[in-house]
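J.: Sequential numbering of the sequence shown, starting at 135, is according to this note's numbering.
All C-beta atoms, glycine included, are put in the ideal place defined by N, C-alpha and C.
Note that the structure is a prediction, hence the values are computed from the model and not measured.
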Amino acid sequence: MDFVTTLPGSPIALALLGLLAPAALLLVCLSFFYVDFAKIKGIPEIPGGEVLAGHLYQLGHDHATTAATWAAKYGWPVYQFRMGRRRVIMLNSFKSAREWLVKNQSATIDHPWFYTFHGIVSKTSVATIGTSPWDERTKKQRRVVGSFTTGPSIKKMDKMLDMETCAVISRIYYDSQNEADGISPHVYQKRLALNLMMMFCYGTRFNSVQDPMLLQILRDAKTIASFRSANSNPQDFIPHLRYVGKNRRMATATEVRERRDTWLAAMLQAVTTNLNRKRPGDKKCVAEMLLEDNQEGLTELDIKTILGGLMSGGFETVYSTLIITIGMLSTEAGQMIQDKAYQDIMNAYDSPQMAFEQCLLEEKSPYVVALVKEALRFYPPLKILPARQVYKTFTFEGAKIPKGLLVYTNTQAVNFDKGTYGPDAGQFRPERWTDKANGIPPPYHFAFGAGARMCTAVNFSNRLLYAVFVRLILSFKMTPSKEMPPNTHPIGYKEDPAASNAVASDFKIGFTPRNREMVESFLKDSHEGLTEFVTGENAEPLLL
135 MDFVTTLPGS
145 PIALALLGLL
155 APAALLLVCL
165 SFFYVDFAKI
175 KGIPEIPGGE
185 VLAGHLYQLG
195 HDHATTAATW
205 AAKYGWPVYQ
215 FRMGRRRVIM
225 LNSFKSAREW
235 LVKNQSATID
245 HPWFYTFHGI
255 VSKTSVATIG
265 TSPWDERTKK
275 QRRVVGSFTT
285 GPSIKKMDKM
295 LDMETCAVIS
305 RIYYDSQNEA
315 DGISPHVYQK
325 RLALNLMMMF
335 CYGTRFNSVQ
345 DPMLLQILRD
355 AKTIASFRSA
365 NSNPQDFIPH
375 LRYVGKNRRM
385 ATATEVRERR
395 DTWLAAMLQA
405 VTTNLNRKRP
415 GDKKCVAEML
425 LEDNQEGLTE
435 LDIKTILGGL
445 MSGGFETVYS
455 TLIITIGMLS
465 TEAGQMIQDK
475 AYQDIMNAYD
485 SPQMAFEQCL
495 LEEKSPYVVA
505 LVKEALRFYP
515 PLKILPARQV
525 YKTFTFEGAK
535 IPKGLLVYTN
545 TQAVNFDKGT
555 YGPDAGQFRP
565 ERWTDKANGI
575 PPPYHFAFGA
585 GARMCTAVNF
595 SNRLLYAVFV
605 RLILSFKMTP
615 SKEMPPNTHP
625 IGYKEDPAAS
635 NAVASDFKIG
645 FTPRNREMVE
655 SFLKDSHEGL
665 TEFVTGENAE
675 PLLL
């Protein structure tokens with residue numbers, strides 16, 4: 135009887151066939167149709183990987199460090215692997231990043247569309263220009279933003295830059311007087327970056343580091359940035375996770391989107407209702423210029439995208455490099471860098487007062503220029519650049535790279551490439567940039583990306599970093615706190631290894647004025663020159 139029931143056509147055999155056939159079909163689908171691209175011939179692949187997740191979970195919380203470890207382990211500066219259903223190329227060397235993003239920039243100009251960031255967080259208003267797929271709308275938006283960040287345009291921002299950098303010096307000067315073990319520089323630099331973008335975009339600012347709305351926007355920005363991080367959003371790569379169970383990330387995305395939309399709309403509305411207001415000097419903000427002189431035929435969504443992109447792309451990134459570099463300057467080795475920078479500033483300008491004023495307009499100190507470059511190389515704001523997507527097929531070292539392929543640039547690995555920066559690539563050494571024979575080619579580092587989708591605000595960001603470093607070094611000697619010294623390790627300093635933006639863990643710094651009378655003179659002169667620039671609710675006394 136047992137033999138009979140197992141014959142072909144028997145109920146048990148049919149039942150087994152009914153179970154095995156779908157399983158076999160599923161296995162075939164997962165093997166041949168689930169992943170967007172087959173293995174690319176000519177590029178090595180990381181071994182292992184799960185059927186559904188690929189190597190996504192093997193990357194852990196710190197994708198940049200894991201990717202760099204894989205590159206070192208296998209000796210592959212460029213390799214492929216899988217993140218869920220997507221095949222990915224990871225670039226881990228300066229040479230390969232330059233080859234893909236600069237030499238083949240027209241082929242790697244695109245950005246992918248991600249379900250969480252583009253489909254949920256940006257559904258109702260904006261995705262940043264720097265993360266938008268390449269199309270006519272993005273081209274138009276980049277042209278507009280580029281016109282606002284040219285050399286002549288930056289010169290028009292000198293009063294705004296003067297105000298915000300002076301506000302940092304002023305608040306640090308007064309707040310540190312009652313703190314024997316130093317103060318945390320984080321919120322001062324975050325407000326600096328946010329205020330610059332708010333004045334630039336909307337003509338308004340926060341005049342206190344304790345402002346509840348300031349703190350709310352900073353929290354929201356941190357949350358929104360997390361949705362651009364690959365390791366926090368597996369549903370972008372494993373589609374069925376979007377529909378299985380209760381997804382808290384989706385709920386958080388919707389909540390922060392609604393809150394972000396509210397404060398962005400409120401700021402734009404404030405500009406719209408005051409277009410004809412009197413303003414001192416050449417002070418039109420970007421929102422006013424977009425609304426009044428719309429030669430590009432921008433839609434309302436275009437305007438929101440440009441403003442929202444500048445707000446998030448501008449202030450969320452630059453302060454992270456500022457904060458950790460201040461921490462590094464306070465260390466024993468960093469204090470020697472402070473001394474060298476101070477002497478070079480004094481050699482470049484006729485007086486401390488002239489240096490304090492002119493640093494907004496010109497970058498005359500070669501050593502501080504070198505300090506800015508080294509800060510961006512050693513502490514890039516993004517350890518992995520926003521994902522690129524191949525826009526058109528090209529060939530790399532004999533391998534055919536297909537259109538639509540996902541590409542990541544591991545800035546953490548690229549910026550420490552000993553083949554480009556030498557055996558001391560792991561050391562913070564500004565002198566590498568004062569040596570004209572260093573042989574480092576453009577773009578020198580990949581903190582701003584490279585090629586056709588390089589950050590549009592690179593010139594302004596460099597000028598901002600230069601001005602802040604000059605003014606801080608002129609005003610203070612920075613030393614580490616005894617209780618909360620900074621962790622300045624180039625990998626270990628991050629507060630959250632999983633975050634896309636590399637913000638330093640909390641620490642405190644002692645800010646000792648080099649000369650109190652001189653610092654107060656800086657603040658007095660700047661305040662007198664800014665009386666017409668910041669008025670009404672925006673006003674903030676610099677000298678108390």
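Any chance you could list the alpha helix (DSSP H) runs of at least 4 consecutive residues sitting entirely within the segment 606 to 643, in chain order?
T.: Counting only runs of 4 or more, we get nothing.
J.: Going along the chain, which residues of its own chain have a beta-carbon closer than 6 Å to the beta-carbon of T139, five neighbours each way excluded?
T.: Residue placement at T139 cannot be trusted, given a pLDDT of 49 that sits under 50; the coordinates are not used to answer.
J.: DSSP on K356, reduced to helix/strand/coil?
T.: Helix.
J.: Taking DSSP's pairing of strands, which residues face P647 in a bridge?
T.: F610, per the DSSP bridge assignment.
J.: Can you check the segment 166 to 212 for any alpha helix (DSSP H) of at least 4 residues that lies completely inside it and give the ranges in chain order?
T.: Here the runs fully enclosed are 197 to 208.
J.: Could you give the distance in angstroms between the alpha-carbon of R566 and the alpha-carbon of K507?
T.: Each residue's Cα considered, the two are about 10 Å apart.
J.: So, using beta-carbon positions, are G585 and Q275 closer together than 8 Å?
T.: Contact: no.
J.: Return the Cβ separation of P614 and T459 in integer angstroms, given the expectation that the two are a contact with Cβ distance under 8 Å.
T.: Contact doesn't hold; Cβ gap of about 14 Å is too wide.
J.: Distance check for E184 and F137, CA to CA, integer angstroms please.
T.: Here the model assigns F137 a pLDDT of 45, short of 50, so the residue's position is not dependable, and the following value carries that caveat. Computed Cα separation, rounded: 39 Å.
J.: Can you tell me whether N408 is buried or exposed, with buried defined as 16 or more other CB within 10 angstroms of its CB?
T.: Flag for N408 reads exposed.
J.: Does DSSP classify T590 as helix, strand or coil?
T.: T590 falls in the coil class under three-state DSSP.
J.: DSSP on F371, reduced to helix/strand/coil?
T.: It is coil, neither helix nor strand.
J.: Helix, strand or coil for L676? Go by DSSP, reduced to three states.
T.: In the structure shown, L676 sits in coil (DSSP, three-state: anything other than H, G, I, E or B).
J.: Using only the alpha-carbon positions, how far apart do S660 and R522 sit?
T.: Those two C-alpha atoms are separated by around 43 Å.
J.: Given this structure, state the Cα-to-Cα distance separating N312 from R650, to the nearest angstrom.
T.: Spanning the two alpha carbons is a distance of roughly 15 Å.
J.: As a quick exercise: from D436, V169, I177, Y168, pick the residue whose alpha carbon is nearest that of G532.
T.: The shortest C-alpha separation from G532 is found at I177.
J.: To the nearest angstrom, how far is the alpha carbon of P658 from that of L678?
T.: Before going on, a small fix: residue 658 reads as Lys here, not Pro. The straight-line gap from Cα to Cα measures roughly 10 Å.
J.: From the DSSP secondary-structure annotation, give me the bridge partner or partners of L225.
T.: According to DSSP, which records beta bridges pairwise, L225 is partnered with V212, T543.
J.: Whose C-alpha, out of R391, N329, I440, is nearest the C-alpha of V279?
T.: Checking every option, the nearest Cα to that of V279 belongs to I440.
J.: Under the rule that 16 or more other beta-carbon atoms within 10 Å means buried, what is N226, buried or exposed?
T.: With 16 or more Cβ atoms within 10 Å of its Cβ, N226 is classed as buried.
J.: Using DSSP bridges, identify the partner residues of F530.
T.: The partner list for F530 (beta bridge, DSSP) reads A533.
J.: My output table needs one value for R522: the three-state DSSP class, helix, strand or coil.
T.: In this structure, R522 counts as strand in the three-state DSSP scheme.
J.: Give a yes or no on contact between the segment 491 to 506 and the segment 469 to 477, applying the rule of three or more CB pairs nearer than 8 Å.
T.: The segment 491 to 506, when compared against the segment 469 to 477, does touch it at the 8 Å Cβ threshold.
J.: Please name the residue in G253, G461, S360, R232 whose C-alpha comes closest to that of K616.
T.: K616 has its Cα closest to that of G461, out of G253, G461, S360, R232.
J.: Please name the residue, chosen from M612, R391, S363, H623, that lies closest to L463 on a Cα-to-Cα basis.
T.: Comparing Cα positions, the closest option is M612.
J.: Starting from P286, trace the alpha helix (DSSP H) in both directions and tell me its first and last residue.
T.: Unbroken alpha helix (DSSP H) run through P286: 285 to 289.
J.: In terms of alpha-carbon separation, which member of L519, R339, Y191 lies closest to P246?
T.: If we check each option's Cα against that of P246, L519 comes out closest.
J.: For the alpha helix (DSSP H) containing T304, name the first residue and the last one.
T.: Checking the sequence, you will find Ser at residue 304 rather than Thr. It spans 292 to 309 - the alpha helix (DSSP H) in which S304 sits, taken as one unbroken run.
J.: Could you check if G415 is buried or exposed, using at least 16 other CB atoms within 10 Å of its CB as the buried criterion?
T.: Annotation note: pLDDT 46 at G415 (below 50); position unreliable, coordinate value reported separately. Under this definition G415 is an exposed residue.
J.: Once you ignore the five residues that flank Y578 on each side, which residues in its own chain have a CB closer than 7 Å to its CB?
T.: Result list for Y578: K507, in chain order.
J.: Out of R563, T568, L516, which has the shortest C-alpha to C-alpha gap to V637?
T.: Ranking the options by Cα distance to V637, first place goes to L516.
J.: Within 10 angstroms of its Cβ, does K438 collect 16 or more other Cβ (buried), or is it exposed?
T.: The residue is buried, with at least 16 neighbouring Cβ atoms inside 10 Å.
J.: Do T250 and A387 come within 8 Å of each other at the CB atom, strictly closer than that value?
T.: Contact flag set, yes.
J.: Helix, strand or coil: how does DSSP classify A509 here?
T.: Helix, per DSSP.
J.: Would you grab the beta carbon distance between V302 and V321 for me? Rounded to a whole angstrom, and I think it's under 8 Å.
T.: Between V321 and V302 the Cβ distance is about 10 Å, and since that is not below 8 Å, they are no contact.
J.: I think F361 touches V255, with their Cβ atoms under 8 Å apart; what is that distance to the nearest whole Å?
T.: Right, their Cβ atoms sit about 5 Å apart.
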